[in-house]
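In what follows, a single structure is set out as structure tokens and then discussed.
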Amino acid sequence: MLDIKFVRENPEIVKENIKKKFQDHKLPMVDRVLELDEKNRAAITEASNLRASRNSLSKQIGMLMGQAKKDPSKLEEAEKVKAQVKANADRLAELEKLEEEYAAEIHHLMMNIPNIIDPSVPIGPDDSANVEVQRFGEPVIPEYEIPYHTEIMEKLNGVDMDAAGRVSGNGFYYLMGDIARLHSAVLAYARDFMINKGFIYCIPPFMIHGNVVEGVMSQTDMDAMMYKIEGEDLYLIGTSEHSMIGKFIDQIIPESSLPQTLTSYSPCFRKEKGAHGIEERGVYRIHQFEKQEMIVVCKPEESMEWYEKMWRYSVELFRSLEIPVRQLECCSGDLADLKVKSCDIEAWSPRQQKYFEVCSCSNLGDAQARRLKMRVKGADGKTYLPHTLNNTVVAPPRMLIAFLENHLLADGSVTIPEVLRPYMGGAEILVPKN
């Protein structure tokens with residue numbers, strides 16, 4: 124969400140940004156905001172003048188009523204002033220109603236005008252225009268066939284999709300045995316990895332109020348993702364970023380406490396609307412999963428530095444698990460409306476012989492802070508809006524797909540990298556059960 128003052132002073136920049144995001148249907152919103160803003164400010168000025176005159180007229184009536192005791196003609200004059208006060212009061216009520224209507228429409232439009240993207244963001248209409256920046260680790264294509272990930276899991280007696288379908292429907296799963304333990308091990312390792320980077324470990328609420336949802340994401344993302352609890356002002360979180368950034372709603376943060384560096388565990392719940400291709404069956408795109416997240420709240424001048432650190436943490440973690448990855452810069456049309464800059468970390472899939480997304484790192488500038496009314500109090504006593512960033516640490520079970528494919532041996536066994544063995548009871552290899 125942009126500052127209305129910025130839109131007022133830079134309408135052409137805002138429009139050009141909308142064009143860069145290939146959202147030309149939103150261009151009329153800018154003109155409508157400017158029109159409403161002008162009307163709203165005029166209404167506020169007129170209302171302010173009416174309130175200022177109210178006291179003066181009231182005093183005038185009192186004076187005239189006092190004079191009417193000696194001069195009856197003053198009584199008629201007093202009645203005229205009373206009539207003026209009544210007319211002013213009626214007009215003030217009308218203006219106050221208009222202010223509310225103007226403010227509500229301005230707010231709705233401003234919530235849909237995209238954030239200004241960083242100049243370094245590549246321009247393109249959709250994810251097909253995303254740009255590979257660099258690779259980390261050598262992608263390997265083994266001489267033996269790599270089965271689909273659910274087949275690998277089934278040979279380890281590690282997944283039951285049929286039972287999950289009977290119990291919950293499509294998009295759910297049972298993980299069992301070694302695979303379930305591997306799932307928990309990856310999360311525990313990711314947690315400790317981030318703690319060792321100086322992040323504070325958190326377990327947040329898994330349900331949040333509607334005003335927090337509105338503060339952390341766009342309406343489009345909300346409709347596509349969030350599950351609403353019927354009859355209550357609560358939504359199941361799609362990622363712990365939602366409740367972790369929401370933690371600061373309506374708060375004034377001491378500048379001395381910045382940066383806030385947090386890493387959080389949570390289950391995540393997503394509608395995942397729309398049909399998906401064959402590569403997204405199994406446990407790739409699901410309604411329920413668990414994730415370790417990293418969140419940073421910092422000074423505006425430090426946010427790009429943190430952005431670089433955060434995506435590199437993801438690369439470091441995946442390479443420590445011996446999984447080749449690449450950084451993919453998201454183009455303008457692939458950025459959610461609140462994002463200033465974003466990149467994906469994609470893991471190598473030996474089976475598909477291509478990379479697929481496992482992490483997403485985003486700098487949202489001050490958009491979430493403005494929506495949530497988060498402020499920082501500086502050493503000079505003045506307040507300003509902080510910047511917020513988030514990034515996936517790991518999100519199994521999707522991350523397990525990359526893990527299993529890259530550690531699968533020809534006989535169906537799965538090797539465990541050294542850093543993960545303490546979380547797996549010292550096991551160095553998982554052996555098929557059937």
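Take the sequence shown: its letter number 169 is residue 292 in this note's numbering, and every next letter is one higher.
Virtual Cβ for every residue (Gly too), placed ideally from N, Cα, C.
The structure presented is a predicted model; accordingly, all values stated were derived computationally and were not measured.
Extent of the continuous alpha helix (DSSP H) run through residue i
i	result
Ala-470	Not the alpha helix (DSSP H): Ala-470 falls in the beta strand (DSSP E), residues 464 to 472.
Ser-274	Per the sequence presented here, residue 274 reads as Glu, with Ser not at that position. It spans 272 to 278 - the alpha helix (DSSP H) in which Glu-274 sits, taken as one unbroken run.
Phe-526	521 to 530
Pro-377	Not the alpha helix (DSSP H): Pro-377 falls in the beta strand (DSSP E), residues 375 to 377.
Tyr-430	426 to 443
Thr-343	342 to 348
Leu-458	Run containing Leu-458: none; DSSP gives neither H nor E here.
Arg-493	490 to 495
Glu-364	363 to 369
Glu-337	333 to 339
Val-290	284 to 290
N-terminal and C-terminal residue of the beta strand (DSSP E) that residue i is part of
i	result
Leu-512	510 to 517
Tyr-324	323 to 325
Val-419	411 to 421
Glu-480	477 to 486
Tyr-312	Run containing Tyr-312: none in the beta strand (DSSP E); it sits in the alpha helix (DSSP H), 300 to 319.
Glu-135	Segment 134 to 143 is the alpha helix (DSSP H) holding Glu-135; no beta strand (DSSP E) there.
Arg-498	498 to 500
Glu-255	254 to 259
Leu-451	448 to 452
Tyr-388	383 to 392
Reference residue i, options the options, closest by Cα
i	options	result
Leu-357	Val-537, Ile-372, Ile-331	Ile-331
Arg-258	Asn-280, Trp-434, Cys-421, Val-537	Trp-434
Leu-532	Ile-275, Phe-145, Lys-205	Ile-275
Ile-239	Phe-479, Gln-415, Lys-464	Lys-464
Val-613	Ile-368, Ser-387, Gly-548	Within the shown structure, residues of the chain are numbered from 124 to 557, placing residue 613 beyond reach of any answer.
Thr-384	Lys-320, Tyr-296, Glu-222	Lys-320
Val-312	Ile-229, Leu-215, Leu-543	Per the sequence shown, residue 312 should be read as Tyr rather than Val. For the residues Ile-229, Leu-215, Leu-543, the minimum Cα distance to Tyr-312 belongs to Leu-543.
Asn-163	Ser-426, Glu-219, Ser-472	Glu-219
Pro-237	Lys-142, Leu-279, Glu-224, Ile-318	Lys-142
Glu-413	Leu-523, Pro-262, Lys-209, Tyr-507	Leu-523
Gly-504	Trp-429, Ile-375, Leu-444, Gln-491	Ile-375
Arg-449	Lys-462, Ala-459, Cys-466	Cys-466
Ala-347	Val-537, Ala-459, Asn-280	Ala-459
Pro-245	Met-547, Asn-140, Ala-165	Asn-140
Glu-445	Pro-540, Pro-248, Tyr-225	Pro-540
Leu-512	Glu-416, His-530, Val-420	Val-420
Phe-479	Gln-491, Ala-525, Ser-485, Pro-520	Ala-525
Where residue i falls, given that 16 or more other Cβ within 10 Å makes a residue buried
i	result
Ile-552	exposed
Ala-398	Interpretation of Ala-398 is limited by its pLDDT of 45, a score under 50 that renders its predicted location unreliable; no figure is taken from the coordinates.
Ser-243	exposed
Ser-379	exposed
Gln-577	There is no way to answer for residue 577, as the model of the chain reaches only from 124 to 557.
Phe-129	exposed
Ala-286	exposed
Ser-291	exposed
Arg-155	exposed
Ser-171	exposed
Pro-545	exposed
His-148	exposed
Gly-574	Beyond the ends of the chain as shown, which are 124 and 557, falls residue 574; an answer cannot be given.
Gln-342	exposed
Ala-175	exposed
Ile-468	buried
Tyr-507	exposed
Tyr-324	exposed
Gly-488	buried
Between the CA atoms of residue j and residue i - distance to the nearest angstrom
i	j	result
Ile-360	Ile-269	34 Å
Met-124	Val-137	12 Å
Glu-402	Val-438	At Glu-402 the pLDDT is 49, less than 50, meaning the model places this residue with poor confidence; the figure from the coordinates comes in the next sentence. Spanning the two alpha carbons is a distance of roughly 23 Å.
Ala-441	Val-309	Looking at the sequence itself, residue 441 is Phe, so the reference to Ala does not match. Near 10 Å, if we compare the C-alpha coordinates of Val-309 and Phe-441.
Gly-501	Lys-422	10 Å
Lys-144	Glu-424	24 Å
Gln-411	His-306	14 Å
Ala-303	Trp-471	22 Å
Met-299	Glu-528	18 Å
Pro-555	Tyr-271	15 Å
Glu-395	Tyr-407	11 Å
Gln-146	Lys-205	54 Å
Asp-113	Tyr-267	This structure gives no information on residue 113, because the portion of the chain shown stretches from 124 to 557.
Glu-261	Pro-447	6 Å
Glu-428	Thr-273	39 Å
For this session: Evaluate contact between the stretch 442 to 457 and the stretch 250 to 264, counting only Cβ atoms and requiring at least three cross-stretch pairs below 8 Å.
Result: yes
Exercise. Quick one: any contact between the stretch 367 to 374 and the stretch 488 to 502, if contact means 3 or more CB pairs under 8 Å?
Worked result: yes
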